[in-house]
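**Student:**
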Amino acid sequence: MGKISLLLGALAAACLFSLAAGPAGLAPDIIWNLRLPRTLAALAVGAGLGLAGAMFQGVLKNPLADPYILGTSAGATAAAVLCFLAGVERTSPVFFLAVFAGAFGATFLSYWLARLAGRLSDAALVLAGVAVSAFLSALVMLALTAARERSFSLFYFVLGGLYSAEPGVLAVSALIIAACGALAMARWRALDAMALGAEGAYHLGVSPERERALFFVFACAATSAAVALGGTIGFVGLMTPHIVRLLTGPSARSLLPAAALGGAALLTAADAAGRTLFSPAEIPAGVVMALAGAPFFMWLLWRGARGRA
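Just add 39 to the spot in the sequence shown (first one is 1) and you have the working numbering.
(1) For D68, count the other beta carbons within 10 Å of its own beta carbon; 16 or more makes it buried, fewer makes it exposed. Which is it?
(2) I'd like to know whether the C-beta atoms of A173 and G141 end up nearer to each other than 7 angstroms.
(3) Please report the residue range of the alpha helix (DSSP H) in which G276 lies.
(4) Output the residue ranges of the beta strand (DSSP E) runs that lie fully inside the stretch 202-274 and measure 3 residues or longer, sorted by chain position.
(5) Go ahead and label A333 buried or exposed: buried means 16 or more other beta carbons lie within 10 angstroms of its beta carbon, across all protein chains shown.
(6) To test your reading of the DSSP string, which unbroken alpha helix (DSSP H) runs of 4 or more residues are found completely within the stretch 152-194?
(7) If you draw a straight line from the alpha carbon of A234 to that of A240, how long is it in whole angstroms?
(8) Going by beta carbon distance, what residues of the same chain come within less than 7 angstroms of A299, once the five residues before and after it are set aside?
(9) From this set, S44, M94, T78, F135, which residue's C-alpha is nearest S203's C-alpha?
(10) Out of N72, R292, A81, point me to the one whose CA is closest to A303's CA.
(11) Decide yes or no for the touch test of the stretch 158-176 against the stretch 121-133: beta carbon pairs closer than 8 angstroms, at least 3 of them.
(12) Whose C-alpha, out of G273, A137, E205, is nearest the C-alpha of F335?
(13) Between I282, P206, A49, which has its C-alpha nearest L102's C-alpha?
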């Protein structure tokens with residue numbers, strides 16, 4: 040309980056930082072009309088990405104698994120940009136279904152490519168995810184080039200800017216992320232069983248294939264809801280599970296809610312930092328997370344290489 044309280048304290052501090060920081064000070068209109076919706080959006084997006092990262096790492100038994108690295112975010116972003124250009128409303132069910140389809144399709148493609156060599160290795164999964172992400176990112180850039188009159192707002196969305204969070208999109212995305220979290224928590228024992236390997240899971244009455252498919256759906260749905268709200272924001276799902284695992288241990292029963300809280304706190308702080316560090320210029324939250332997450336990713340690669348040596 041004390042460790043969860045620590046996460047709640049970090050979350051409260053991040054929220055206060057987000058609401059108070061900025062050149063306009065504590066003007067009530069600025070707080071209620073601009074900072075509060077943006078803070079709520081950062082909380083929802085961060086929680087969704089942290090939760091998705093914990094699920095991907097658990098079900099794949101891969102410390103490098105993350106919606107950004109697997110191509111899940113890129114697939115969702117590509118689908119979202121195509122919907123924008125086609126004139127689909129962000130609050131439309133078609134929009135959310137298309138973004139989920141893009142996220143799931145990209146994730147499945149990365150997983151399938153990584154399995155072509157037979158054994159699913161960390162390196163193969165990362166390389167497949169990078170290839171899928173690069174291809175989808177090129178398609179997004181091509182679409183932005185073709186639609187120059189709308190390219191600025193879409194470009195900011197692709198960079199992970201939270202300034203355009205609409206109340207309707209926020210409500211739907213938060214509901215989807217909460218539902219995914221509840222469904223994942225209802226199956227935490229299955230996620231723990233999968234950590235024992237396929238044979239150990241079967242001995243406990245758990246079907247690894249079925250549970251892997253279910254958690255893929257939960258993680259892709261949470262990621263797609265986060266992307267629909269906040270655009271492409273990487274490394275939250277990579278960093279958060281590693282950080283909170285030091286507090287909670289490996290069991291999914293405590294790791295999943297802790298990852299949601301930690302992801303919410305991390306992204307809220309990153310968004311507030313991007314608004315204040317170079318004021319009046321603003322750095323999108325996705326850029327701030329890339330600056331922090333890329334060195335963390337390299338450290339994980341270095342640690343893994345040392346462990347194999």
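The C-beta atom is built at its ideal place from N, Cα and C for all residues, glycine as well.
The structure displayed is predicted, hence computed values, not measured ones.
**Tutor:** Checking against the coordinates, here is how it stands:
(1) exposed
(2) no
(3) 275-287
(4) none
(5) exposed
(6) 161-185
(7) 8 angstroms
(8) A86, G89, L90, G220
(9) T78
(10) A81
(11) no
(12) G273
(13) Note that residue 102 corresponds to Pro in the displayed sequence, not to Leu. For the residues I282, P206, A49, the minimum Cα distance to P102 belongs to I282.
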